Amino acid sequence: MDLGRLLQALVERGVLLRRIMYVVLAGLVVADILIPSKYDRFPWESIGGFGALYGFFGCILLIVIAKVLGHVLLYRPEDYYDE
Amino acid sequence: MSNVLHPSILLFTGALVLTLLRGRWQQGWLLLVAAALVGVVFSLPAGVYGATEFLGIQLTPMRVDELSLVFASVFALITLVGAVYALHVKDTTQHVAALGYAGSAMGVVFAGDLVTLYVFWELMVFTSVWLIWCRRNPTSMAAGFRYLLVHAAGGVVLLAGIILFYLDTGTVQFAEIDNTGIAFYLILVGFMLNAAVPPLGAWLTDAYPEATVTGAIFLSALTTKTAVYTLIRGFPGTELLVWFGVGMALWGVTYAALANNIRRLLAYHIISQVGYMVAGVGMGTIMALNGSASHAFTHIFYKALLFMGAGAIIHMTGRAKLTELGGLYRYMPATFLLYMVGALSIAAFPLFSGFVSKTMVLEAAALDQRAWVWLLLSLTAVGTFLSTGLKLPWFAFFGPDKGLRPAEAPVNMLVAMGIAAFFCIFIGIYPQWLYAMMPAPVDYQAYTSGHVLWELQLLLFTAVGFFVLIKYAGGQPKITVDTDWLYRRAMPAVVGGIHRTGGAMWRAVLGALMRKLTALVATVSAHHGPQGILARTWPTGSMVLWVAILLAASLLIYYL
């Protein structure tokens, strides 16, 4: 059960972890801007921080599209196929 | 098969002997067969064995080469993992089905000709369906029958293609299939159905979530990946497959974002991940084909690990819906951590296995200057991490506590997950081990600052997006309709409609006939009935008349 207690201790320090994550996120974008990309097959490969933008907006877009599709077309009650 | 042991024979014999054993002996035998399988496959020398002629057709029941060994190796390893995971199960049928199913999949990857391939292809269906039925409830019985029927239909298409191919070319040798028209497309459709390419893929997400907890591990590994193998072998560079692959990748992540059942969510991510492999086959370059084969290899471990984690939750709590789960991390911490290894692998975090294979498919797209393929497959990576790495673990292991207090999963389940997790990390850290197995030399460097920075940004900012929209990202107590709606709702409705309108029409026709008949009877009885005009001379008068007629007739006959 030690593993569980360890995880619980981490969860209780959630605010601290979140702040650390913010620093990591910012650091990643800064690093991507500073370190020149070795790839130039596509125009966006040399834009620093493009991955961050693509990840964030891609995620928002996917959730929105999926939910709209769900409510307009795909969702059914759980007993839909029951005889 | 003079010098080597065909792994299928080992597994089929192993399955037969297993039926005689019970308890500890059965467990021991199961492990022994699975371990022997790993040994046999990893020591198979390349070559062609048992070539023979049957009814004038040249058959090659066993062909061992680099490509078949890639798939056979990972099948063998995952069979061992699956056997450990299922060790506590006291259901002989399931163990026999699992070994038979693995043996059939081995038969497919070692088949050197299409006839042998077809036989094992069908055997795979008939062995694997028991892993669904053995859950022994009405839902899984029905799902199993649908699984059987869809694969039976796919098998017929494949067989038709093989026959036409033989008539066209005079050979059944299984190599790259030339586009000779209809045979090419029939075989392709047969393979694509097993690869779960939409719109032919709904059987997978319909059946896998209803399989037994342990059976789902074998299912998640074998059927779709044998299909990927056959596509790599038969259809490299088929442009059509690039777009089917990209389409199925996005199809899978979209449905997964809506899923509430944890194993259905993971099943949709089989479809999305196989999308990378199918797209790689379509691109057909050496980099792309190596990427597809590598991704199949890593996928089998992390997907099995994810299914094992989800299975452990279902085994311990009896629940499978995100809306009914939550707060499990304190009670199943080992399951949670092992699951996360799988989640980070499928999401392609650096140092985990998916990173070294998924980025290879993307690299192939980049080298080919396929911008849309690259962007859309990257979007799939976002959706993959969103559902398997954030949504599922957040709402099952964290999220609102639903008062569940399960114990940790049984030791054998954790050990099996540990083995799979080991391979996920090992391949992630030491990709050369994987690359050395590939059919063609791998000229690819996964760990460059460009790849690592790109993936880390992509995935970590996906997490930001998830937490921004967390109110909308969870599961809802609903189901989604997929193309299985066609045969579960639309076609029954059409048939039912035909039955009803046809029945009504038949009754109307019969009614009209009956009215005519009744009228006729009434007319006849009006004339011939007791009160009828013709009835007055009835008994004697007509008797005399008929006797006269008969006499006249007999006279006539004699005269002739």
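Top line first, the protein sequences correspond to chains A and B. First residue of the first sequence? That's 1 in the numbering used here, and the numbers climb one at a time after it. First residue of the second sequence? That's 84 in the numbering used here, and the numbers climb one at a time after it. Virtual Cβ for every residue (Gly too), placed ideally from N, Cα, C. Quick caveat, the model's predicted, so the values are computed rather than measured.
How far does the alpha helix (DSSP H) with residue i in it reach, from first residue to last?
i: E12 (chain A); result: 2-12
i: V191 (chain B); result: 175-193
i: T135 (chain B); result: Note, T135 (chain B): premise wrong, no alpha helix (DSSP H); beta strand (DSSP E) at 135-137.
i: L142 (chain B); result: Counting along the chain, L142 (chain B) falls outside any alpha helix (DSSP H), though it belongs to the beta strand (DSSP E) covering 140-142.
i: V456 (chain B); result: 454-467
i: R229 (chain B); result: 221-252
i: R590 (chain B); result: 574-611
i: W44 (chain A); result: Neither: W44 (chain A) is in no alpha helix (DSSP H) and is coded neither H nor E.
i: D289 (chain B); result: 285-290
i: A556 (chain B); result: 553-556
i: L62 (chain A); result: 50-69
i: I35 (chain A); result: Counting along the chain, I35 (chain A) falls outside any alpha helix (DSSP H), and DSSP gives it neither H nor E.
i: S91 (chain B); result: 90-101
Going by the DSSP bridge assignment, what does residue i pair with across the sheet?
i: N344 (chain B); result: B:K404
i: T563 (chain B); result: A:Y75
i: Q109 (chain B); result: According to DSSP, Q109 (chain B) bridges with nothing at all.
i: Q256 (chain B); result: B:D196
Taking just the CA atoms, how far does residue j sit from residue i?
i: G586 (chain B); j: V68 (chain A); result: 41 Å
i: L241 (chain B); j: M496 (chain B); result: 37 Å
i: T199 (chain B); j: V525 (chain B); result: 31 Å
i: Y422 (chain B); j: G133 (chain B); result: 43 Å
i: L408 (chain B); j: L450 (chain B); result: 44 Å
i: L94 (chain B); j: G558 (chain B); result: 40 Å
i: I640 (chain B); j: I632 (chain B); result: 12 Å
i: W516 (chain B); j: S436 (chain B); result: 11 Å
i: L434 (chain B); j: L247 (chain B); result: 47 Å
i: R598 (chain B); j: V592 (chain B); result: 10 Å
i: E491 (chain B); j: L269 (chain B); result: 48 Å
i: V212 (chain B); j: Y22 (chain A); result: 48 Å
i: F380 (chain B); j: L150 (chain B); result: 11 Å
i: P36 (chain A); j: S46 (chain A); result: 7 Å
i: G264 (chain B); j: G244 (chain B); result: 10 Å
i: L120 (chain B); j: V179 (chain B); result: 15 Å
i: A9 (chain A); j: L3 (chain A); result: 10 Å
i: V280 (chain B); j: L16 (chain A); result: 44 Å
i: G612 (chain B); j: V604 (chain B); result: 10 Å
i: F318 (chain B); j: A266 (chain B); result: 13 Å
i: Y75 (chain A); j: T143 (chain B); result: 48 Å
i: A609 (chain B); j: W589 (chain B); result: 30 Å
i: G392 (chain B); j: R219 (chain B); result: 22 Å
i: L163 (chain B); j: A118 (chain B); result: 6 Å
i: A430 (chain B); j: L469 (chain B); result: 9 Å
i: L576 (chain B); j: G367 (chain B); result: It should be noted that the sequence gives Ala, not Leu, for residue 576 (chain B). About 42 Å.
i: V183 (chain B); j: I397 (chain B); result: Sequence check: residue 183 (chain B) is Gly here, not Val. Looking at the two C-alpha atoms, the distance is approximately 25 Å.
Here's the rule: buried if 16 or more other CB atoms are within 10 angstroms of the residue's CB, otherwise exposed. What is residue i?
i: T309 (chain B); result: buried
i: K474 (chain B); result: buried
i: L287 (chain B); result: buried
i: T306 (chain B); result: buried
i: N344 (chain B); result: buried
i: M84 (chain B); result: Confidence is the limiting factor: at M84 (chain B) the pLDDT is only 45, short of 50, which leaves the residue's position unreliable and the question unanswerable from this model.
i: V11 (chain A); result: exposed
i: P77 (chain A); result: exposed
i: Y312 (chain B); result: buried
i: Q614 (chain B); result: exposed
i: H89 (chain B); result: buried
i: E136 (chain B); result: exposed
i: N277 (chain B); result: buried
i: A635 (chain B); result: exposed
i: V172 (chain B); result: buried
i: G594 (chain B); result: exposed
i: E259 (chain B); result: exposed
i: F384 (chain B); result: buried
The beta strand (DSSP E) spanning residue i covers which residue range?
i: Y132 (chain B); result: 130-132
i: M275 (chain B); result: Looking at the DSSP string, M275 (chain B) is not in any beta strand (DSSP E); the run it does join, the alpha helix (DSSP H), is 265-277.
i: M145 (chain B); result: 145-147
Task: In chain order, each alpha helix (DSSP H) run of at least 4 residues that lies wholly inside the stretch 296-374 of chain B - done: 298-317, 322-341, 345-366
TODO: Mind listing, in chain order, the continuous alpha helix (DSSP H) runs of no fewer than 4 residues lying wholly within the stretch 470-546 of chain B?
DONE: 475-480, 494-512, 514-518
- [ ] Only counting runs of 4 or more residues, tell me where the alpha helix (DSSP H) segments fall wholly within the stretch 428-455 of chain B, in order along the chain.
- [x] 436-450
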